[in-house]
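One structure below.
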Amino acid sequence: MAKIHENTATELLLKLISGETTPVEVMAHYLERIGKLEPKIHALTFVNKDNAMKEAEKADKELKKPKGKKKPLLGIPLIVKECISTAGMQTTCCSKILQGYVPPYDATVVIRLKEAGAIIIGKSNMDEFAMGSSTERSCYGPTKNPWDFKKVPGGSSGGSGAAIAAREAPLALGSDTGGSIRCPASYCGVSGIKSTYGRVSRYGLVAYANSLEQIGPIATTARDCAMLLEIMAGKDPLDSTCVDMPVDQYSKGLQSVKGLKIGIPKEFFAAGLKDDVKSAIDKGIDLLKSLGATTTDVSLPSIKYSLPVYYLIAMCEASSNLARFDGLRYGARVDVPKGNFDTVYSKTRQEGFGPEVRRRIILGTYALSAGYYDMFYVKALKARTIIQDDFKKALAKVDVLIGPTMPTTAFDIGTKVDDPLTMYLEDVLTVPINLAGIPSMSVPVGFDKGGMPVGMQIMGNFFKEAQVLGVGMAIEDKLQFHKKIPPVGA
Amino acid sequence: MASDDDEMKVMIGLEVHVQLTKLHTKMFCSCSSDYRGKEPNTVTCAVCLGLPGTLPVLNKRAIEFATLLGIALNSKIQESMFFFRKNYYYPDMTKNFQITQYDKAGGVPICVGGELTFTTGKNERRVVHFRRLHLEEDPGKLQYEGSITTSPYVYVDYNRNGSTLVECVTEPELRSPEEARAFLKKLRSIIEHVGIADLSLEGSMRCDANISYKGHARVEVKNISSMKEVERALNFEMMRQKQKIKSGVEIVQETRHWDEVRRVTISLRTKETEKDYRYFPEPDLVPVTIDAKELKRIKALLPELPDARVLRFVKQYQIPAYDAEVLVDSKSMADFYEAAIKMFNDAKDVSNWLMGDVARRLNEDNLDISETKISPKALVQMLQMIKDGTITGKIGKTLVKDMLDGTMPADLVKKQNVKRIDDEAILQKIIDEVFAENENVVKEVKEGKNPRTFEFLVGQVMKKTKGQADPEVTRALIKKRL
């Protein structure tokens, strides 16, 4: 029999319902595994040891009840990213400035998943305030890639990505502002989806760039992502930007990919794309073709402006979103013996924020100031519309767009962290999607020569998550990538 | 020679912050908007405290209320609008930005333009125009010990934080502090008639004022906490500027703070250090639309407004237009009036009392009738007692002060023993005394040279009876005695 952690969440649920295993057994197994692996990987910032076991015991009892409808995720351990609010559990965005902050409320998605029976097993590491693509910029230190401990797991949801790859839990939540779910999914060889903007409630997600981000699932399979997203998605009266539209049954998958029209955007295969990434993606596309899909070349000419547009919008919004962290009401404060509150603000923020966060706040503040607003922010919003139009036009002709998630595979820890511009370039293929607001997922399709996973990006039209996930499922059914578990030594 | 005032034309513009106290909940969360008198920092939630990850959700009735006011002030209601963030650091804000509306950067406030016609103390009709009316959230409250400049600490109470404000911005068309007061009084009456706020509540109507003399820089005075303070603050600031101009010192464009305790304005910041609020559209809220159908629905909710009520009073109660206008200047006064005349069938008598002795007392203490405890029933009881002869009108006047504190006039009459004296024997005795003490006057009266001397004798009798003597009987008896 397969070990517990070798199961997908979907498989595990079946075994829980059939009685083959129990929530307590599952929880104990994962807690033990976390205990063994965390010293090497450091994916988690907090492990909910005592409470998670208590919850598992409750789930045991509930499962044994003969009657009643079973909760769809009953007894399944879940990892939540540090920037998603969890009542009574630290939510620090991996920043010094939020040390000691324990929120009194759960994010809407957390409430929904808890109600579905999921048990939070821990919180995961990330780049401070989600600003980064490597999870090296956490006040708790970097997370290692389970496929190679010298490499980064990607970011900013690197903790969730690495934890899933190392099978520290079957399901995790990440957030994606410019690729923060898809990048670690790609680098760690797991699946993750950023849904259409407005599909999932952002209530409880500590804002980095409100108009771009979504909370989303990270799991070993697209099918597990679908199951999780189905529960998370849907209207929330606490988030005005969350739309009131019925949620499709994502986990059903597609009947067939036969006749599926795939657009291949040539800009995703431009210079800078690593050869073995390209060949892995090509193989993935060939696989879909062998299943009956057809391909068309498409062009998204404006996406070359995506990086500056994305960073402008994100930094402007961040400069305002992060203003509330001043140490007066919660989090860490630097007290000054003399001076007014301005001095307290400055000292607290200077010491509380890391250099990358400070850089983005300063740039965003500058771009929004009088005389520059029209030149930068307004222009960026206009460019954003043009980029969005490119995607709309392309997706009018095809069902999905396919390309690589990242131009490269995971890089060595410490090689890019001091060079912000090189780090920003990492996001070149993920940020256009956030600007457009469409759904996109990363699924693993192979390895590079060094044995590091390659992720394929599947982009769909607005609210067509079912199609995106369906394509992902078709690939994993054939490739069975989730059967390959990184050699983490446990 | 021209006077100072002719030479020096002052231009005053007001930014009136009106808290929509009739809303049940705050602007962006479900906290109660009824925070007054509550333990500090207890009327708060994760959203209005701006806890990480929380999002604002617009209170739809706030839109309805602001629209109603816009219609009442003849503003143009915008079909589509959105909210902005105004970024600045201050401890009274939990997010270090305020959600507000903006008329630049592609934004439009909910109401553009508008006007208000009012009557000045000199009985002139004046029109003041509005630039805009916009919605924004109220910050929390900072509490100092005494003056802002000397307080050793500051307490922050976030109960008010997130309440809904409509900021009414006028053109700089007001010409004096007195006009500003009259304008605000009318604005208050309109707001209370629309039914969106009870402005007798502490801090529910606050002002910033722009003051400039022709040809000189403009100064903004912030933190004027009530209508009562406006005149004081304006008078001080005008005096300060006039003195500078006269002695040849240039006025600096700056923002000043009205220190209520010391009754002076203090410089907060000059143009060079003026804040850059870095306005940008609030990404957590979606645009709001008020289409024709919705506007029609809201319009239908608009109750009777002051100008219409004045006309109705004239027609229905047959009182002079001036009287009607004075009464309707305060909604609670007008309501009081209508409640009273339902019980007492002499509309003119009721308005005379309200505009006369009651209003005089109120003005002395700068109060609105709603801020006192007098009831229409109490006033009617007094008028009845005068009518049926239990007390004299003179005595009635002396009762008003205690009635404002909530005492019923019948109880006062009983306690103070001030019933009307019409007993001829008692009055005769007093008249004898008055005649004895004022022989010269009596002589003058008899000579008939000066009719006012007769009234002097009546007055002396009133004085001796503390106003209780029936004036008719007294007059008759004096005439007889003469």
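If you read the protein sequences in the order shown, they are chains A and B. Under my numbering, think of the first position of the first sequence as 1, with each following residue one higher. Under my numbering, think of the first position of the second sequence as 1001, with each following residue one higher. Glycine included, C-beta positions come from ideal geometry on N, C-alpha and C. All figures in this text were calculated on a predicted structure; none of them were measured in a lab.
#### Entry: For K81(A): DSSP bridge partner residues
S124(A)
#### Entry: Against chain B: residues of the stretch 303 to 327 of chain A by CB proximity under 7 angstroms
C316, E317, S320, A323, R324, D326
### Message
Residues in the same chain with beta-carbon distance under 8 angstroms from M1001(B), minus the five sequence neighbours each way, listed in chain order, please.
### Response
Confidence in M1001(B) is poor, its pLDDT being 36 and thus under 50, which makes the residue's placement unreliable; the coordinate value appears in the next sentence. No residues qualify anywhere along the chain.
### Query
Going by DSSP, what residues sit across from R1297(B) in a beta bridge?
Partner(s): none; R1297(B) has no beta bridge.
### Query
Mind listing which residues of the stretch 1244 to 1277 of chain B have their C-beta closer than 8 angstroms to chain A's C-betas, in chain order?
D1276
### Query
Any Cβ of chain A within less than 9 angstroms of the Cβ of A1105(B)?
yes
### Message
Assuming I1071(B) is part of the beta strand (DSSP E), what are its boundary residues?
### Response
Element bounds for I1071(B): not the beta strand (DSSP E) but the alpha helix (DSSP H), 1060 to 1072.
### Task
Tell me, please, whether the CB atom of L98(A) is closer than 9 angstroms to any CB atom in chain B?
yes
### Query
Would DSSP call S1003(B) helix, strand or coil?
The pLDDT assigned to S1003(B) is 47, lower than 50, so where the model puts this residue is not dependable; a value taken from the coordinates is nonetheless given after this. Coil at S1003(B), not helix or strand.
### Task
With DSSP collapsed to three states, give me the class of I485(A).
coil
### Query
Which residue from P404(A), E82(A), A474(A), Y424(A) puts its Cα closest to that of D448(A)?
P404(A)
### Task
Grab me the residues of I1148(B)'s own chain with a C-beta within less than 8 angstroms of its C-beta, minus the 5 sequence neighbours each way, in chain order.
H1257, D1259, I1266
### chain B contacts made by the stretch 337 to 363 of chain A, where a contact means CB separation under 8 angstroms
F341, D342, Y345
#### Entry: Segments of 3+ residues assigned as beta strand (DSSP E) that fall wholly inside the stretch 1072 to 1096 of chain B
1084 to 1087
### Message
Give me the chain B residues within the contact set of A107(A), using Cβ-Cβ distance strictly less than 8 angstroms, ordered along the chain.
### Response
G1053
### Task
Determine, using beta carbons only, whether L1285(B) comes closer than 9 angstroms to chain A.
yes
### Task
Ignore the nearest five residues each way along the sequence and tell me which others in C1111(B)'s own chain have a CB closer than 8 angstroms to its CB.
A1066, T1067, L1069, G1070, L1073, S1075, K1076, I1077, Q1078, F1130, R1132, L1133, H1134
### Query
By how many angstroms is the C-alpha of I1431(B) removed from the C-alpha of S1003(B)?
Residue confidence is low: S1003(B) scores 47 on pLDDT, short of 50, so the model does not pin down where it sits. Its coordinate-derived value is still stated next. Cα-Cα distance, rounded: 54 angstroms.
### Length of the line joining the Cα atoms of A43(A) and K144(A)
7 angstroms
### Query
If the cut is a Cβ gap below 8 angstroms, which residues of chain E does V1057(B) touch?
Included in the structure are the protein chains A and B, with no chain E among them.
### Message
For N1366(B) and T1474(B), I'd like the C-alpha separation in whole angstroms.
### Response
37 angstroms
### Query
Which term fits D1157(B), buried or exposed, when burial requires 16 or more other beta carbons within 10 angstroms of its beta carbon?
buried
### Query
Should A1425(B) be labelled buried (16 or more other beta-carbon atoms within 10 Å of its own) or exposed?
exposed
### Task
Could you have a look at E426(A) and say whether DSSP puts it in helix, strand or coil?
coil
### Query
By how many angstroms is the C-alpha of L1142(B) removed from the C-alpha of Y1155(B)?
6 angstroms
#### Entry: Entirely enclosed alpha helix (DSSP H) segments - the stretch 1309 to 1396 of chain B, minimum 4 residues
1321 to 1328, 1331 to 1343, 1347 to 1353, 1359 to 1365, 1376 to 1387
#### Entry: For C1168(B), the residue or residues it bridges with in DSSP
V1016(B), L1133(B)
### Query
When the Cα atoms are used, what is the spatial distance from L1116(B) to A1339(B)?
27 angstroms
### Task
Taking D1346(B) as the reference, give the member of Q1318(B), N1440(B), K1060(B), D1335(B) with the closest Cα.
Q1318(B)
### Query
So, does the CB of Y1279(B) fall closer than 9 angstroms to a CB anywhere in chain A?
yes
### Message
In whole angstroms, give me the CA-to-CA distance for A162(A) and F268(A).
### Response
25 angstroms
### Message
Taking CB distances under 9 angstroms as the criterion, tell me whether G1146(B) reaches chain A.
### Response
no
### Query
According to a CB-to-CB cut-off of less than 7 angstroms, which residues of the stretch 1071 to 1096 of chain B neighbour chain A?
R1085, N1087, Y1089, P1091, T1094, K1095, N1096
### Message
Can you check which of these residues, L1383(B), I1063(B), G1356(B), is closest to S1080(B) by C-alpha distance?
### Response
I1063(B)
### From A280(A), G100(A), Y310(A), residue whose alpha carbon lies closest to that of D89(A)
The sequence shown places Met at residue 89(A), rather than the Asp named in the question. Comparing Cα-Cα distances from M89(A) to each of A280(A), G100(A), Y310(A), the minimum goes to G100(A).
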